[in-house]
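Each residue of the sequence shown is one higher than the one before, counting from 3 in my numbering. A virtual CB, placed ideally from N, CA and C, is assigned to each residue, including glycine. Have a look at the structure below, then the notes.
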Amino acid sequence: MQTNPQENHQMFAVVICAVLIAATSISADFMPETARSEVDKEKIDGQTNTLDPSQSSTPEFLQDPVAGWDKFIAKHSSDIRAINKEERDLLHRISVARVEKEGIEAFRSICESLGDPGVRIWVLDNLFEKIAQSDPELAFDAAVELQRDAGRTFLRQVAMEWSLSDPTAVLESMATADWDELELGQLQKAVVRDWANREPASLLALSEQIPLKLQSYGRLQALLSWATQEPESAAVHIGEIQDRVNKRTLARNIARNWLKKDVTEAIEWVQSSQEIEEIRREVLVGVLNELAVSNPTTAFEIALEQPVEDFDVGLEVSVIRKLVVNDLDHALKLLPKVREGTSKFAAISSVGTAFADGGNIDKALELANELPVASRGMFLSNAVAMWGIANPKIVFEEISKLPTPKLKSRAAMMALTGNSRKEVLSKDQAEVLKTYLSEGSPEVFVPLQHDVPPSE
């Protein structure tokens with residue numbers, strides 16, 4: 003058979019090697035199990051071939067790892083999957099020694115000489131792991147060359163190992179690597195996040211030494227990590243984050259973690275820090291939501307101290323809405339303290355709708371009486387709709403309690419809509435509810451109106 007020139011042969015072998023690595027479905031864990039089964043079979047046949055590393059042949063393999071590798075592969079060309087643990091260890095030692103002698107060329111040669119894809123993955127996985135610890139830059143370059151068309155398994159393994167000792171170096175190498183830009187960008191961010199989780203102060207201090215496009219991301223990740231450990235320290239650096247969304251995310255993380263350590267200090271920082279002036283109210287809402295779970299009374303008092311901005315509701319409404327989910331009775335007790343106007347309407351709507359959703363229409367009707375007459379219609383329309391959708395059976399039993407035909411029609415319509423999903427009503431009960439429908443009532447769900455009172 004006629005052969006190609008040597009150079010073409012090597013290039014072809016490298017490409018085939020990479021493609022086979024990607025295509026193989028044999029994992030590294032497969033080899034030891036297969037080897038054991040094959041060795042057991044050979045023992046039964048009385049033909050077990052064991053190579054003792056203490057024998058004189060072992061140093062011969064390692065003294066000249068290039069020749070030793072070729073000799074070992076030739077010796078086990080037909081049974082390499084069946085080699086025992088000692089032989090596998092020796093194979094690994096030879097591969098490492100060969101790389102130490104030849105550098106990146108050894109990776110190419112080893113890859114080319116292993117015809118079995120499963121064995122190749124197993125050997126290279128161990129080899130990259132070992133070399134990444136002793137010479138991560140060499141391992142990185144080899145991973146880029148051999149793996150470009152076969153995935154990023156080894157590149158990620160090497161990059162993460164290298165980042166433990168020199169994260170700036172690996173980020174710089176990745177910035178110039180011949181690799182898919184999207185995949186490389188994702189890997190760079192993974193390295194940055196890992197660095198941030200391990201040593202946030204170090205990343206923050208060295209953020210200007212990493213590639214420019216990662217600097218803002220690196221500072222944010224460092225401060226987010228730092229915020230979980232020392233929120234008061236991270237707060238000092240929040241001015242370094244310029245993007246409003248990122249600053250808000252960081253400020254909320256700082257405040258949330260600071261609350262766990264010292265509520266008073268956390269609140270004082272949120273209320274007084276000049277660095278978060280433009281996002282203070284947004285951050286404070288998040289703080290109050292957190293505090294409403296652990297200390298709702300304090301959260302409510304702080305909320306009442308904040309001014310009501312134009313066309314907005316008081317922050318106490320945020321506390322009420324949080325309590326509606328966690329402690330409805332407590333929310334009810336705080337309602338009288340809510341400021342009048344839009345805030346009162348929004349708070350009563352939240353509490354009343356929650357009662358209606360839970361089946362207690364009596365309480366919702368009672369709360370409606372606390373609203374101005376002009377606001378009651380919208381509130382009751384929403385409350386009745388929630389009541390009907392969630393509780394068709396209760397609506398059938400208590401629809402007569404509603405004060406007007408219009409509300410009864412809406413309740414019946416929503417109960418029938420809810421029943422079409424749950425089927426809790428009998429046909430006769432559904433027919434009774436239909437008698438409450440006003441002429442022209444829609445047959446489909448009507449969207450709820452917003453919790454905003456009509457203009458008076």
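Just the C-alpha distance for L93 and T155, rounded to the nearest angstrom, thanks. If you take the alpha carbons of L93 and T155, they lie about 22 Å apart.
Can you list, in chain order, the residues of its chain with a C-beta nearer than 7 Å to that of H332? Leave out the 5 residues immediately preceding and following it. If we look at H332 and ignore the five residues flanking it on each side, its Cβ neighbours are P298, L325.
Identify, in the order they occur along the chain, each residue of the same chain with its Cβ nearer than 7 Å to the Cβ of F74, setting aside the five sequence neighbours on each side. Counting only residues of its own chain and dropping the five nearest sequence neighbours on each side, F74 has a CB closer than 7 Å to the CB of F63, L93, I96.
Taking the alpha carbon of G120 as the point to measure from, which residue in E303, A84, L337 has its own alpha carbon closest? The shortest C-alpha separation from G120 is found at A84.
Kindly indicate the opening and closing residues of the alpha helix (DSSP H) around W164. For W164, the enclosing alpha helix (DSSP H) stretches over residues 155-167.
Which value, in whole angstroms, describes the spacing of the CA atoms of I106 and I256? It is roughly 46 Å from the alpha-carbon of I106 to the alpha-carbon of I256.
Can you give me the C-alpha to C-alpha distance between L186 and S422, rounded to a whole angstrom? Taken atom to atom, the span from the alpha-carbon of L186 to that of S422 is near 51 Å.
Continuous alpha helix (DSSP H) stretch holding V1: start and end: Residue numbering for the chain in the displayed model covers 3 to 458; residue 1 lies beyond these limits and cannot be assessed.
With H, G and I counted as helix, E and B as strand and the rest as coil, what does DSSP make of E318? Reduced to three states, the DSSP call for E318 is helix.
Pick from L334, I391, E342, K395: whose alpha carbon is nearest that of E368? Comparing Cα positions, the closest option is L334.
Just curious, the alpha helix (DSSP H) that G187 is in, first and last residue? In the DSSP assignment, G187 falls within the alpha helix (DSSP H) that extends over 183-200.
With DSSP as the reference, label D468 as helix, strand or coil. With the chain represented from 3 up to 458, any question about residue 468 goes unanswered, as that position is not in the structure.
So Q223 packs on A198, CB below 8 Å; how close in whole Å? Correct: roughly 4 Å between the Cβ atoms.
Tell me which same chain residues have a C-beta within less than 7 Å of the C-beta of E400, skipping the five on either side of it? Excluding positions up to five away in sequence, the list reads I363.
Please go through the region 62-86 and give each complete alpha helix (DSSP H) segment of 4 or more residues, from N-terminal end onward. Annotation note: the region 62-86 contains the following uninterrupted alpha helix (DSSP H) runs of length 4 or greater, listed N- to C-terminal: 67-77.
For the alpha helix (DSSP H) that contains V295, what are its first and last residues? That run of the alpha helix (DSSP H) goes 282-296.
To the nearest whole angstrom, what separates the beta carbons of K365 and F357, a pair I think is in contact under 8 Å? So it is a contact: roughly 4 Å between Cβ atoms.
May I ask you to verify whether the region 413-431 touches the region 367-382, counting CB pairs closer than 8 Å and requiring at least 3? By the Cβ criterion, the region 413-431 is not in contact with the region 367-382, since fewer than three pairs of Cβ atoms, one from each stretch, lie closer than 8 Å.
Could you give the distance in angstroms between the alpha-carbon of Q217 and the alpha-carbon of S80? When rounded, the distance between both Cα atoms is 53 Å.
Helix, strand or coil: how does DSSP classify Q217 here? Helix, per DSSP.
Return the CA-CA distance between E139 and W164, expressed in angstroms with no decimal places. When rounded, the separation of the alpha-carbon atoms in E139 and W164 is 8 Å.
Taking the alpha-carbon positions, what's the D505 to E104 distance? Since the first residue shown for the chain is 3 and the last is 458, residue 505 is missing from the structure and cannot be characterised.
Measure how close the beta-carbons of L409 and L435 come, nearest whole angstrom, since I'm counting them as under 8 Å. Not a contact, Cβ separation roughly 13 Å.
Going by beta carbon distance, what residues of the same chain come within less than 7 Å of A294, once the five residues before and after it are set aside? These residues qualify, in order along the chain: A301, V321, K324, L325.
According to DSSP, is D312 helix, strand or coil? D312: coil per DSSP, three-state reduction.
Excluding the 5 residues flanking T344 on each side, which residues of the same chain have their C-beta closer than 6 Å to its C-beta? Setting aside the 5 residues that flank it on each side, T344 is surrounded in the same chain by V315, each with a C-beta closer than 6 Å to its C-beta; the list follows chain order.
Between W124, R258, W71, which lies nearest to V101 when the distance is taken from Cα to Cα? Taking each of W124, R258, W71 in turn and checking the Cα distance to V101, the smallest one comes out for W71.
Please tell me whether L126 and L157 are closer than 8 Å, where the distance is taken between their beta carbons. For L126 and L157, no; Cβs fall outside 8 Å.
Got a sec, what are the start and stop residues for the alpha helix (DSSP H) V340 sits in? For V340, no alpha helix (DSSP H) run applies, since DSSP gives it neither H nor E.
For G241, count neighbouring Cβ atoms within 10 angstroms of its own Cβ and tell me buried if that reaches 16, exposed if not. By the 16-neighbour rule on beta-carbons within 10 angstroms, G241 is exposed.
Quick check on the DSSP output: the alpha helix (DSSP H) that includes L261 runs from which residue to which? The continuous alpha helix (DSSP H) containing L261 extends over residues 246-263.
Contact belief for A253 with I269 at Cβ below 8 Å, rounded distance in angstroms: Between A253 and I269, the beta carbon gap of about 13 Å keeps them out of contact (Cβ cut-off 8 Å).
Would you decide whether E433 is buried or exposed? Buried here means 16 or more other CB atoms lie within 10 Å of its CB. Sixteen is the threshold: since fewer than 16 other Cβ atoms of the shown chains lie within 10 Å of the Cβ of E433, the residue is exposed.
What are the boundary residues of the alpha helix (DSSP H) that E114 is part of? Residue range 106-115 is occupied by the alpha helix (DSSP H) that includes E114.
Whose C-alpha, out of T170, V319, A108, Q273, is nearest the C-alpha of L148? Selected option, being the one with the closest Cα: A108.
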